[in-house]
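Taking it in order: structure first as structure tokens, then the write-up.
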Amino acid sequence: MEIKGSVALVTGGGNGIGEAVVKYFAGHGAKVAVVDMVQKNIDRVVKDVQEMGGEAVGIQANVTIEADTARFIKGTIEAFGKLNIAVSSAGIIRDGTMLSLDKETGKVSKKLGFDKWQAVIDTNLSGTFLTMRDAAEAMVNGGWPGLLVPISSVNKCGQVGQINYSSAKVADALMPKIIIGEFLMRGIRNIRCVAIAPGYTATPMLTGMNQDALKAILEDVHLGRLVAPEEIASMIGYCVENEALNATTIEITGGLCYPKGIAK
Amino acid sequence: MESIRYNDMEFSVEKDGDRWTLTYGLPGGSKAVAGAGLFAGLSESEARTRALALVKTIFPVGVRSVGPDVMHPNMIGDLKIVGPDVAHPNFVYWNKDSVSSPKDL
Ligand SMILES: NC(=O)c1ccc[n+]([C@@H]2O[C@H](COP(=O)([O-])OP(=O)(O)OC[C@H]3O[C@@H](n4cnc5c(N)ncnc54)[C@H](O)[C@@H]3O)[C@@H](O)[C@H]2O)c1
Chain A
1 MEIKGSVALV
11 TGGGNGIGEA
21 VVKYFAGHGA
31 KVAVVDMVQK
41 NIDRVVKDVQ
51 EMGGEAVGIQ
61 ANVTIEADTA
71 RFIKGTIEAF
81 GKLNIAVSSA
91 GIIRDGTMLS
101 LDKETGKVSK
111 KLGFDKWQAV
121 IDTNLSGTFL
131 TMRDAAEAMV
141 NGGWPGLLVP
151 ISSVNKCGQV
161 GQINYSSAKV
171 ADALMPKIII
181 GEFLMRGIRN
191 IRCVAIAPGY
201 TATPMLTGMN
211 QDALKAILED
221 VHLGRLVAPE
231 EIASMIGYCV
241 ENEALNATTI
251 EITGGLCYPK
261 GIAK
Chain B
1001 MESIRYNDME
1011 FSVEKDGDRW
1021 TLTYGLPGGS
1031 KAVAGAGLFA
1041 GLSESEARTR
1051 ALALVKTIFP
1061 VGVRSVGPDV
1071 MHPNMIGDLK
1081 IVGPDVAHPN
1091 FVYWNKDSVS
1101 SPKDL
């Protein structure tokens, strides 16, 4: 599939990896729907696309709400007449260990709040499911060639302090195998699905992380620096163009090895 | 181009080269962008028609599920607040403006 002339929808398109993906697609001749919860970020990204000579709509929406998902899919098709690429980059972190102990008594002093569990599962897993499901529905009914891109994470392997996040991301990484298996079963041949599992990437999300832990993790990255969001975006662009890539999850981490890091 | 008023929101469709930019007013007086570089080569009236169809899709009026949803009921004291079941066949999610929808029902 060619990027030029395609229509792409990017959730979380107002910041970080999503923003880089929007600009990559717009720069390569796709029309793009920028979906995000934060209107001022949408405004900034849509204006940047305009300055690049591209075409974009901005749709403020919450990916965890089913009616919002239906609205941004319909809005994209209303604006551009079709949908070819759906990237689910909206995501959050709410880190913390499941239990914390009181140093003196050795008893549990704090539990990871259910609100922290639920918010991450809702956004990173349910949000991705809804976007992938409704984008696929539109692509099947429209008969358009399509690519679904759930954004997983290298921490799908299980990161301490991220029971909520890792649980969501390992599930996101499984989606391509399941979705494409089901498409094969149902005779749906026009849509592919490739998940991307980024390593530690230089976006505002990392400012919410424990900075000491981040520094320690960087020592385990062969590349010796954070991955750039643009590097993730160009990998997604490659996935659009290479039709043999399907039903798989690609890690792009700069060579994260975790020998001294925390994940096992 | 004259602005479009739809469901108490004010939209402007401005020409930018041979394309159109769609913005709308926010409560504080600032502006938000709904789209840029749109409707290449379309005339003013065609762009206006397309813009209106787009805003009706992006900003539907009527039942909107905000707050607690059916999957995650909230407890306020003994009261269980359950949001709308958006998958239910009787769930109404309309995208007509608030003036015309009662007539259509
Ligand atoms: N940055 C990293 O190191 C890294 C590594 C691996 C995976 N990821 C994943 O990549 C994706 C993008 O991360 P990022 O670093 O660009 O984050 P980011 O915080 O820079 O951007 C995320 C965007 O998603 C939006 N968003 C959050 N919740 C939303 C919701 N409910 N509805 C709509 N929009 C919502 C935010 O407003 C924000 O604009 C996430 O899924 C993240 O888990 C990031």
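Read top to bottom, the protein sequences are chains A and B.
Counted the way our numbering counts, the first sequence spans residues 1 to 264.
Counted the way our numbering counts, the second sequence spans residues 1001 to 1105.
Just so it is clear, CB atoms sit at the ideal spot from N, CA and C, and this is done for glycine as well.
Since the structure is predicted, the reported quantities are computational estimates derived from the model, not experimental observations.
| Same chain, Cβ closer than 7 Å to S1003/B, five either side skipped, listed in chain order | E1010, F1011, S1012
Quick one: is V154/A buried, meaning 16 or more other Cβ sit within 10 Å of its Cβ, or exposed?
buried
- Message: Taking only three categories from DSSP, how would you classify K156/A?
- Response: helix
What residue range is occupied by the uninterrupted beta strand (DSSP E) comprising G199/A? Careful: G199/A lies outside any beta strand (DSSP E) and carries neither H nor E.
Under the three-state reduction of DSSP, which class applies to M281/A: helix, strand or coil? Because residue 281/A is not part of the residues shown, which for chain A are 1 to 264, the question remains open.
Q.
For L9/A, would you say it is in contact with chain B, using Cβ-to-Cβ distances shorter than 7 Å as the test?
A. no
Q. Just checking, does the region 201-214 of chain A make contact with the region 227-235 of chain A on the three C-beta pairs under 8 Å criterion?
A. yes
Notebook entry, point to check: Which residues bound the alpha helix (DSSP H) around K177/A?
Noted result: 163-186
| request: In angstroms with no decimal places, state the Cα-to-Cα distance between V7/A and L112/A. | output: 40 Å
>> Please report the distance separating the alpha-carbon of K47/A from that of D212/A.
In response: 36 Å
Handout entry: Inter-residue Cα distance where the pair is K110/A and K1080/B
Key = 27 Å
Where A86/A sits in the DSSP three-state scheme:
strand
Practice prompt. Figure out for me which residue from D122/A, G96/A, V21/A, K177/A has the closest Cα to the Cα of Q159/A.
Written response: G96/A
- Limits of the beta strand (DSSP E) - the one that Y1024/B falls within: 1019-1025
Notebook entry, point to check: Between which two residues does the beta strand (DSSP E) harbouring Y1006/B extend?
Noted result: 1004-1006
| query | In its own chain, which residues sit with a C-beta less than 8 Å from the C-beta of K1103/B, not counting the 5 before and 5 after it? | reply | Only weak support exists for where K1103/B lies, its pLDDT of 42 falling under 50; the coordinates are left without a value.
message: Here's a check: name, in chain order, each residue in its chain whose Cβ is nearer than 8 Å to the Cβ of D1016/B, leaving out the five neighbours to either side.
response: A1036, G1037
Residues in the region 1029-1042 of chain B with C-beta within 7 Å of chain A's C-beta atoms, listed in sequence order?
A1032, V1033, A1034, G1035, A1036, G1037, L1038
Q.
Using a Cβ distance threshold of 8 Å, determine whether the region 246-255 of chain A contacts the region 182-195 of chain A, with at least three qualifying pairs required.
A. yes
- prompt: chain B beta carbons: is any one of them nearer than 7 Å to that of D134/A?
  reply: no
Does the CB of I121/A have a neighbour CB from chain B at under 7 Å?
no
Next on the checklist: Quick check on L1052/B - is its C-beta less than 7 Å from some C-beta in chain A?
Outcome noted: no
* **For A1034/B and K4/A, the rounded distance between their alpha carbons** => 22 Å
Should I1081/B be flagged as near chain A, meaning a C-beta pair shorter than 7 Å? no
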